[in-house]
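S.K.:
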Amino acid sequence: MVSARAVLARREARQAEQAALVRETGAPLLSLTIVAPGPEKDGPAIRAAFAAGLRACRDLLAARGWAVRGRRATDAPTGPESLLAVAADPTELKAALVALEDAAPLGRLWDLDVVAGLDDAGLPVVLGRRALGLPPRRCLVCDSDAAACARSARHPLPVLLLARDALAAGVDVAAARAASGLAVRALVVEAELAPKPGLVDPVTNGAHVDMDLALLLRSADALRDWFTASWLTGATASGDDDLRARLVTLGLAAEAAMRRVTGGVNTHKGALFGVGLLLAALGAEGSREPERACARVGVLAAPLLADWLARVDTDASHGSAAFRELGLTGARGEAASGFATVRTVSLPAYRDRLAETGDVDDALRWALVSLMAVCPDTNLYARGGAEALAAVQGWAGRVVRKRPDPRRLATALAQADAPFTERRWSPGGSADLLALTWLLDRLGAARPAAETCAGEGP
25 MVSARAVLAR
35 REARQAEQAA
45 LVRETGAPLL
55 SLTIVAPGPE
65 KDGPAIRAAF
75 AAGLRACRDL
85 LAARGWAVRG
95 RRATDAPTGP
105 ESLLAVAADP
115 TELKAALVAL
125 EDAAPLGRLW
135 DLDVVAGLDD
145 AGLPVVLGRR
155 ALGLPPRRCL
165 VCDSDAAACA
175 RSARHPLPVL
185 LLARDALAAG
195 VDVAAARAAS
205 GLAVRALVVE
215 AELAPKPGLV
225 DPVTNGAHVD
235 MDLALLLRSA
245 DALRDWFTAS
255 WLTGATASGD
265 DDLRARLVTL
275 GLAAEAAMRR
285 VTGGVNTHKG
295 ALFGVGLLLA
305 ALGAEGSREP
315 ERACARVGVL
325 AAPLLADWLA
335 RVDTDASHGS
345 AAFRELGLTG
355 ARGEAASGFA
365 TVRTVSLPAY
375 RDRLAETGDV
385 DDALRWALVS
395 LMAVCPDTNL
405 YARGGAEALA
415 AVQGWAGRVV
425 RKRPDPRRLA
435 TALAQADAPF
445 TERRWSPGGS
455 ADLLALTWLL
465 DRLGAARPAA
475 ETCAGEGP
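Just add 24 to the spot in the sequence shown (first one is 1) and you have our numbering.
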């Protein structure tokens, strides 16, 4: 653990060392340090990234024919450092180093500064990207300005550390970010779809007095970094036991972050569990292939289900009561099955309906009512017991058997909202599985760029 005071002291010492080497050699300096957020500034991952950076710099200098006139290495508590005095034009040197940072897989971890000389007070003059009209350094997690992300504390520290270690291990953080963006989009698509009886949509809050669409959208966005972290955890875990343990810790932190945004309201706990597992499986498999990812989810979730079943008789939760009365295993059971309900019911329903009508919103509505007809929804059980679950499944089953056209389907869903809301029936489990349905479809098949979904841009 390195204190902020130690970091500042090392920064001052580094400036003194830089000034001394400039006076000694009369040449501009290449300064290599490692980007290390948080209190841990050293370790195997940082050392490996530093060694790779030093090799890359030496190769670059050799390729350009730039001689090294002096050098200084420091093994400080804040991490390894290197100073190289280079016989080169400082502007050309900085441009070459920026290109190296931006092109190399480990480049986001390397902080390659150029000291162009000393000012009138004898202090080092560091040549920044902005002075050359070059783009700013990219964040470890996203493609935004790293300095801006740091100033605003945009990304939670655990996510930054995961990204740092993943980059050092050669993991594609951009793939993790892309998957998390797709996952957030899935939650938004589900939230903005209307009508949905008993559920929040752009028209009504349904059976929910504590949330609305705006809250759901804020909650979904708050999970973006944590979804990225789920993927990275899958990609960097040493095995399924390690991955499972790390996901439990990560899930608790993600839920706490979600509740801070929502004022304590449970907006996406179920979705966080299912989507988080799916993204972790995608990272572990290194593939967007849905069948492989779902199979891995089943492997990861089976012990979680077994642990829960071992204590279900003494647990006072609604989920345990649903198991004792009806044998419902909820989100854990669905995950342990590899999302069997999604794979065998809603995903085929969505794709078939989309092929039939060409209407994405209608296909989503059809997938939703198909889920409601069979989903052992513990959220419904918590709100109305076995009677509510049976009533909703019966209603949805009748709608499915009639196979209404898009207009009649939308009408049936809209007309059901009032009685659902009056009884406080909210098929939240089906809503979570609908988001997974859309996500698995997008993972499994590319869609035309012009296609849009509920609330989705081109």
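Positions of the beta carbon are idealized from the N, C-alpha and C atoms, including for glycine. Note that the coordinates shown come from a computational prediction; the quantities given were computed from them, not determined experimentally.
Between the alpha carbons of Val289 and Phe297, how many angstroms are there, rounded?
M.R.: Locating residue 289 in the sequence shown gives position 265, where the first residue counts as 1. Locating residue 297 in the sequence shown gives position 273, where the first residue counts as 1. The alpha-carbon atoms of Val289 and Phe297 are separated by roughly 16 Å.
S.K.: Give me the Cβ distance between Pro160 and Ala170, rounded to the nearest whole Å; I'm assuming they're in contact under 8 Å.
M.R.: The residue labelled residue 160 in the question sits at position 136 within the sequence shown. The residue labelled residue 170 in the question sits at position 146 within the sequence shown. Between Ala170 and Pro160 the Cβ distance is about 7 Å, and since that is below 8 Å, they are a contact.
S.K.: Which residues in the same chain as Leu121 place their Cβ atom closer than 6 Å to its Cβ, once the five residues preceding and following it in sequence are excluded?
M.R.: For the purposes of this step, residue 121 is taken as residue 97 along the sequence shown, with counting starting at 1. Taken in chain order, the residues that qualify are Leu136.
S.K.: How long is the line joining the alpha carbons of Ala244 and Ala238, rounded to whole angstroms?
M.R.: Here residue 244 refers to the residue found at position 220 when the sequence shown is read from its first residue. Here residue 238 refers to the residue found at position 214 when the sequence shown is read from its first residue. Using only the alpha carbons, I get a separation of about 10 Å.
S.K.: Using only alpha-carbon positions, find the residue among His232, Glu64 and Asp266 that is nearest to Leu185.
M.R.: Along the sequence shown, read from residue 1 onward, the residue named residue 185 stands at position 161. The shortest C-alpha separation from Leu185 is found at Glu64.
S.K.: Tell me which residue opens and which closes the alpha helix (DSSP H) that Arg178 is part of.
M.R.: In the sequence shown, counting from the first residue as 1, residue 178 sits at position 154. Segment: none, Arg178 is in no alpha helix (DSSP H) and carries neither H nor E.
S.K.: I need the straight-line Cα distance from Ala337 to Ala346, nearest angstrom please.
M.R.: As a working mapping, residue 337 is identified with position 313 in the sequence shown. As a working mapping, residue 346 is identified with position 322 in the sequence shown. Note that residue 337 is Asp in the sequence shown here, rather than Ala. Each residue's Cα considered, the two are about 11 Å apart.
S.K.: If the criterion is Cβ atoms closer than 8 Å, does the pair Val454 and Met396 meet it?
M.R.: Walking along the sequence shown from the start, residue 454 turns up at place 430. Walking along the sequence shown from the start, residue 396 turns up at place 372. The displayed chain sequence assigns Ser, not Val, to residue 454. Yes; because the gap between Cβ atoms is below 8 Å, this pair is in contact.
S.K.: Taking His292 and Leu247 to be in contact with their CB atoms under 8 Å, please state how far apart those CB atoms are, rounded to whole angstroms.
M.R.: As a first step, residue 292 must be located in the sequence shown, where it is residue number 268. As a first step, residue 247 must be located in the sequence shown, where it is residue number 223. His292 to Leu247, Cβ: 6 Å. Contact.
S.K.: Identify the residues that DSSP records as bridge partners of Thr57: which are they?
M.R.: Residue numbering aside, residue 57 sits at position 33 when the sequence shown is read from its first letter. DSSP output for Thr57 lists Asp135 as bridge partner(s).
S.K.: With DSSP as the reference, please indicate the residues paired to Arg162 in a beta bridge.
M.R.: If you number the sequence shown from 1, residue 162 lands on position 138. Per DSSP, Asp169.
S.K.: How is the beta strand (DSSP E) around Pro148 delimited, first residue to last?
M.R.: Position 124 of the sequence shown holds residue 148. Its beta strand (DSSP E) spans residues Pro148 to Leu151.
S.K.: Is the beta carbon of Ala109 less than 8 Å from the beta carbon of Ala51?
M.R.: For the purposes of this step, residue 109 is taken as residue 85 along the sequence shown, with counting starting at 1. For the purposes of this step, residue 51 is taken as residue 27 along the sequence shown, with counting starting at 1. The answer is yes: Cβ separation under 8 Å.
S.K.: Helix, strand or coil: how does DSSP classify Asp196 here?
M.R.: Within the sequence shown, numbered from 1, the residue matching residue 196 stands at position 172. In the structure shown, Asp196 sits in coil (DSSP, three-state: anything other than H, G, I, E or B).
S.K.: Pick from Asp465, Asp225 and Met235: whose alpha carbon is nearest that of Glu216?
M.R.: Within the sequence shown, the letter at position 192 stands for residue 216. Among Asp465, Asp225 and Met235, the Cα nearest to that of Glu216 is on Asp225.
S.K.: Could you give the first and the last residue of the continuous beta strand (DSSP E) run that contains Ser106?
M.R.: Taking the first residue of the sequence shown as position 1, residue 106 is located at position 82. Gly103 to Val110 is the span of the beta strand (DSSP E), which, as asked, contains Ser106.
S.K.: What residues match up with Arg95 in a beta bridge as DSSP calls it?
M.R.: If you number the sequence shown from 1, residue 95 lands on position 71. For Arg95, which the question treats as bridged, DSSP gives the partners Leu108.
S.K.: Figure out for me which residue from Ala325, Gly89 and Ala128 has the closest Cα to the Cα of Asp113.
M.R.: For the purposes of this step, residue 113 is taken as residue 89 along the sequence shown, with counting starting at 1. For the residues Ala325, Gly89 and Ala128, the minimum Cα distance to Asp113 belongs to Gly89.
S.K.: Count the other C-beta atoms from every protein chain shown that fall within 10 angstroms of the C-beta of Val14, then say buried if there are 16 or more, exposed otherwise.
M.R.: For residue 14 there is no data in the structure shown, the boundaries of the chain being 25 and 482.
S.K.: Could you give the first and the last residue of the continuous alpha helix (DSSP H) run that contains Lys426?
M.R.: Start at 1 with the first residue of the sequence shown, and residue 426 comes out as number 402. Note, Lys426: alpha helix (DSSP H), Thr402 to Lys426.
S.K.: Quick test of your reading: Ala207 and Leu457, contact by CB under 8 Å. State the CB separation rounded to the nearest angstrom.
M.R.: Your numbering for residue 207 matches position 183 in the sequence shown. Your numbering for residue 457 matches position 433 in the sequence shown. Incorrect: roughly 14 Å between the Cβ atoms, too far for contact.
S.K.: Pull up the DSSP beta-bridge partners for Leu142, would you.
M.R.: Here residue 142 corresponds to residue number 118 of the sequence shown, with the count starting at 1. Answer is Pro148, bridged to Leu142.
S.K.: Quick check on Ala80: does DSSP put it in helix, strand or coil?
M.R.: In the sequence shown, the residue the question calls residue 80 occupies position 56. Note: Ala80 maps to helix in three-state DSSP.
S.K.: Kindly indicate which three-state DSSP category Trp231 falls into: helix, strand or coil?
M.R.: Along the sequence shown, read from residue 1 onward, the residue named residue 231 stands at position 207. A small correction: the amino acid at residue 231 is Ala; Trp does not occupy that position in the sequence shown. Looking at Ala231 - three-state DSSP - the assignment turns out to be coil, as it is neither helix nor strand.
S.K.: Compare the C-alpha of Gly409 against each of Val393, Trp449, Ser394 and Trp390 and name the closest.
M.R.: As a position in the sequence shown, residue 409 is number 385, starting the count at 1. Nearest option by C-alpha distance: Trp449.
S.K.: Report the three-state DSSP secondary structure of Ala30 (helix, strand or coil).
M.R.: Numbered from 1 along the sequence shown, position 6 holds the residue referred to as residue 30. Of the three classes helix, strand and coil, the one that applies to Ala30 here is helix, per DSSP.
S.K.: Which term fits Thr445, buried or exposed, when burial requires 16 or more other beta carbons within 10 angstroms of its beta carbon?
M.R.: Taking the first residue of the sequence shown as position 1, residue 445 is located at position 421. Burial call: buried.
S.K.: Below 8 Å on the Cβ atoms is my guess for Leu303 versus Ser254; work out the distance and round it to an integer in Å.
M.R.: Position 279 of the sequence shown, counting from 1, holds the residue named residue 303. Position 230 of the sequence shown, counting from 1, holds the residue named residue 254. Contact flag correct, Cβ pair sits at about 4 Å.
S.K.: If you check the beta carbons only, do Ala391 and Leu404 fall under 8 Å apart?
M.R.: Position 367 of the sequence shown holds residue 391. Position 380 of the sequence shown holds residue 404. In this structure, Leu404 does not lie closer than 8 Å to Ala391 by Cβ.
S.K.: For Ala100, which residues does DSSP report across the bridge?
M.R.: Taking the sequence shown and counting its residues from 1, the one referred to as residue 100 is at position 76. For Ala100, which the question treats as bridged, DSSP gives the partners Gly103.
S.K.: For Met25, name the three-state secondary structure that DSSP assigns.
M.R.: One-based indexing of the sequence shown puts residue 25 at position 1. In the structure shown, Met25 sits in coil (DSSP, three-state: anything other than H, G, I, E or B).
S.K.: Thr257 to Val26, Cα distance in whole Å?
M.R.: Residue 257 sits at position 233 when you count from the first residue of the sequence shown. Residue 26 sits at position 2 when you count from the first residue of the sequence shown. Going from the Cα of Thr257 to the Cα of Val26 covers about 25 Å.
S.K.: Here's a check: name, in chain order, each residue in its chain whose Cβ is nearer than 8 Å to the Cβ of Ala359, leaving out the five neighbours to either side.
M.R.: Locating residue 359 in the sequence shown gives position 335, counting from the first residue. Excluding sequence neighbours, Ala359 sits near Phe297, Gly298, Leu301, Val321, Gly322, Leu324, Ala325, Leu328 and Leu329.
S.K.: I'd like the span of the alpha helix (DSSP H) that includes Trp449, first residue to last.
M.R.: Your numbering for residue 449 matches position 425 in the sequence shown. Note, Trp449: premise wrong, no alpha helix (DSSP H); not H, not E.
S.K.: What three-state label does DSSP hand Trp90 in the structure shown?
M.R.: Translated into the one-based positions of the sequence shown, residue 90 becomes position 66. In this structure, Trp90 counts as coil in the three-state DSSP scheme.
S.K.: Answer yes or no: do Pro61 and Leu181 have a C-beta to C-beta separation smaller than 8 Å?
M.R.: The residue you call residue 61 lines up with position 37 of the sequence shown. The residue you call residue 181 lines up with position 157 of the sequence shown. In contact: Pro61 and Leu181 (Cβ atoms closer than 8 Å).
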